[in-house]
Amino acid sequence: MSDLTLSPTRSGDGTQLDLTIAGRLDIETAPELRQFFLTHMPAVQKVRLDVSNLSAIDLSGMQLICSACRTALADNISFHFSGKLGVCVQEAIGTIGLQRHTTCKHNADNPCIWCGGLN
Numbered sequence: 024m025s026d027l028t029l030s031p032t033r034s035g036d037g038t039q040l041d042l043t044i045a046g047r048l049d050i051e052t053a054p055e056l057r058q059f060f061l062t063h064m065p066a067v068q069k070v071r072l073d074v075s076n077l078s079a080i081d082l083s084g085m086q087l088i089c090s091a092c093r094t095a096l097a098d099n100i101s102f103h104f105s106g107k108l109g110v111c112v113q114e115a116i117g118t119i120g121l122q123r124h125t126t127c128k129h130n131a132d133n134p135c136i137w138c139g140g141l142n
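Taking this note's numbering, the leading residue of the sequence shown gets 24, the next gets one more, and so forth.
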């Protein structure tokens, strides 16, 4: 049984996907989220992630979300966080030094989602 819970909700017209991610997002559970993104993201215009209920996240989890953001941007899909970043996410951002960066070279130098930007 996975330590990751994915709770998706689609808007009435099906164009927006709200995804609440809870539990551990790490090297062991990241493939589950990757498969979810591959299956569901191409059918929507907007993705909003709620990561406030994550209990743990490692670099592979952060890289997966970054990769999903880049893929969404390439496909003209809006991709951003909803709500507050969980404590473990904030700690991970600080640990890897990401809080020092403000823009994303893959997003026309707009603010990075990890640094509070909305793509």
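The C-beta atom is built at its ideal place from N, Cα and C for all residues, glycine as well.
- With respect to T52, L42 sits apart: the two C-beta atoms are not nearer than 9 angstroms.
- Taking C-alpha positions only, L77 is separated from T28 by approximately 9 angstroms.
- Per DSSP, reduced to three states, the secondary structure at S83 is helical.
- The shortest CA-to-CA distance from T94 to any of G117, F60, M85 is the one to F60.
- In the DSSP annotation of this structure, the continuous segment of the alpha helix (DSSP H) that includes A53 starts and ends at 53–63.
- Taking 9 angstroms as the cut-off, the Cβ atoms of D36 and D81 do not count as close.
- In the structure shown, the three-state DSSP call for V67 is coil.
- Take the alpha-carbon of I44 and the one of L72: they are about 7 angstroms apart.
- Look at I116 here: in three-state DSSP terms it is helix.
- The DSSP-derived three-state label of S90 is helix.
- Contact check for F102 against C92 passes: the beta carbons are separated by less than 9 angstroms.
- DSSP places S105 in no beta strand (DSSP E); its state is neither H nor E.
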